[in-house]
Structure formats: structure tokens, C-alpha cells
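In UniProt numbering, the protein residues as written are 1 to 327.
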């Protein structure tokens, strides 16, 4: 059994059982991967994949367990490399981060500027996507850290650290009827919002979001006409008159003065931004520093305490007395 064989079976799963795409990601050939998978199955004496002729159609029961263990072993193998690199090249390496477009555009620039000033030889790679994509990238080992603002329930198998609260604003054109609430935002109601077509984040309404809870509480079914992962896209379609935008308040800036932003913090519970990494990951010193730059209360000592706890409920209790900043 070789680590490379384990990489192959994990990547096949990551690529939705497409061996050709797995080969492209791993810079090898499809026949080469197929051969190594067969050799591994022969050595183990079980099939990892269910097949229909030459096509892989799923994992066998044994294969599901084998792939899960393979993921853990690959994380450990990478951790061994990281330990060595920490000794030989402490200020040089790679940091891969997955986050939302809003975080990348409005919250990370100052953090990254500070980080690069401290670690100019660390190559930084930013992956942007939806909460599901962020989770998948983290669990597949494609990124080191994930910054998530929604659907934290996905991250039960990762270490999840609280960073700050963020609120929402309602965004409209100046001639929209809701614009009259700009100086009396406390009078804006969910019922009033429910009269209009809405534009919000792709994960704005999932059955478990703060938006869902607010509308469900009032017995209102919102009319969502457009969703996007990017606040700038939401603003663009508000400008086109497609509907009323609901987005993170932090995404409304000086360049958006042609739009009206109405504080909606009284309508929707604030959401928490959290930073996550896989359990068992060896964090380089510069990774601890990045986490601290992003959220100052997350010192190395606190992060290491969180790493020792059994689950995210215990981690939440660790930070329950910390007053998180609101954005």
C-alpha cells in the first residue's frame, strides 16, 4: 500500500467518481490511476469501488470506510511534512484559504496585507465559493483554513472557531418605496419586506438560516427572485430594479451611494463568521498568526485549547464569555 494509491482513491471520490478528472487534478494518466486502484484492491482483497463495466458508479461499504481512513492518513502525512518544514523553513510555505466572496472582498484585504508584510515568503491562495463548496474544499484537503458565514452545521467534523457577528442591511434604489425607512429603520418589518421581490445570498434561505427563521416566525413565504454568492452581484441586480437586496452590512461601501442601505439588524438575528480547519491538521506558526490577525481574540493559546476539545459544542463553551465584535 502506497500513499499515492490512497491519494488516487480519495481524489476519485472528490471528483464525483470521474477518474479522468481525478487524473487531471493529480497530473497523471487515467490508465495509471486505474491500474494503481486495481493493485490496491488486489492487495487488500476487497473492491473499493462498485463498477458497471469500466465505469465507477459508487463506493462499496468497505470502500466508504477505506476512503474515510485514507483521508485521515493523508492529513497525517501532510502534517509530517509540515512539521519538517516548520523546522527547516519556518517563514516559508503555502496557505490556502476558502471563503465567501463577501469575506474575500470586504474583510480579508487588511488581514492579508498585514499577513504578507509579516510573511512575504508564504504563498497565499484564496478559494471563493458557497458554504457547501467551502466545506467540500476543506474536507477534501484542498485548503488549510475555511472562513464560513453560513451553514456552520456542515462543519461538525472540523474545528470551528468563532470570529465575529455580522448583520444584514436591506438594499434598494432611492426611488423604491422602502427607501423611506432609511432614517427610521426600526419601523421596517418583515411583513413589509414580504411584499416585494427579494434578492439575497444563495444560502440565504435554506430552511435553517436566520432569514428563514425571521420570515417563518411571521408566517410569510418570501418571494426570492434571484440569489448569488457575491454581494456585488446582489447590488448589481438591485440597481437593475430586479428586487430588494438583503446582504451583509459590511458590503455596503462609499461606492454604493447610488443605493440606499436600511439597517435590518432588528429584523434578523446576527450571523457568526467562523474559521475552521480539519481535526488532526498540524498548523504552521504562520497559520496561527493568520487566524489571530483575522480575529484578535483567537490567540495561539486559545486555538490550541480548542484543538484539544472533543467537539464544537465544547469549543463554543470555551468562548462563551468572549464578547465578539459586530460588523
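Backbone N, C-alpha and C define an ideal beta-carbon position, used for all residues, glycine too.
Predicted model only: the values in this text are computed from it and were never measured.
Rounded separation between residue i and residue j - CA only
i	j	result
residue 190	residue 271	17 Å
residue 174	residue 154	38 Å
residue 242	residue 279	43 Å
residue 34	residue 83	32 Å
residue 93	residue 123	6 Å
residue 237	residue 229	13 Å
residue 148	residue 17	27 Å
residue 7	residue 182	54 Å
residue 259	residue 200	15 Å
residue 50	residue 64	11 Å
residue 46	residue 311	33 Å
residue 332	residue 111	Given a span of 1 to 327 for the chain in the structure shown, any question on residue 332 remains unanswerable.
residue 235	residue 291	30 Å
residue 318	residue 254	37 Å
residue 59	residue 256	49 Å
residue 233	residue 109	19 Å
residue 12	residue 131	22 Å
Bridge-paired residues (DSSP) for residue i
i	result
residue 274	148 and 162
residue 247	169
residue 10	None, per the DSSP bridge assignment.
residue 123	94
residue 326	165
Beta strand (DSSP E) segment containing residue i, residue limits
i	result
residue 51	49–52
residue 2	That residue, residue 2, is in no beta strand (DSSP E); it is neither H nor E in DSSP.
residue 262	260–263
residue 197	197–201
residue 224	223–228
Run of the alpha helix (DSSP H) containing residue i, from where it starts to where it stops
i	result
residue 312	312–318
residue 235	231–239
residue 285	285–294
residue 304	300–307
residue 216	210–217
Inter-stretch contact at 8 Å, needing at least 3 Cβ pairs: the region 212–224 / the region 131–140: The region 212–224, when compared against the region 131–140, does not touch it at the 8 Å Cβ threshold.
Inter-stretch contact (C-beta, 8 Å, three-pair minimum) for the region 159–173 and the region 246–255: yes
Cβ contact check for the region 35–43 and the region 67–77: 3 or more pairs under 8 Å: no
Every unbroken alpha helix (DSSP H) within the region 19–48, with a cutoff of 4 residues, ordered by chain: 19–25 and 30–44
Beta strand (DSSP E) segments (min. 3 residues) lying fully within the region 47–100: Counting whole runs of 3 or more residues, the region 47–100 contains the beta strand (DSSP E) stretches 49–52, 55–59 and 93–99.
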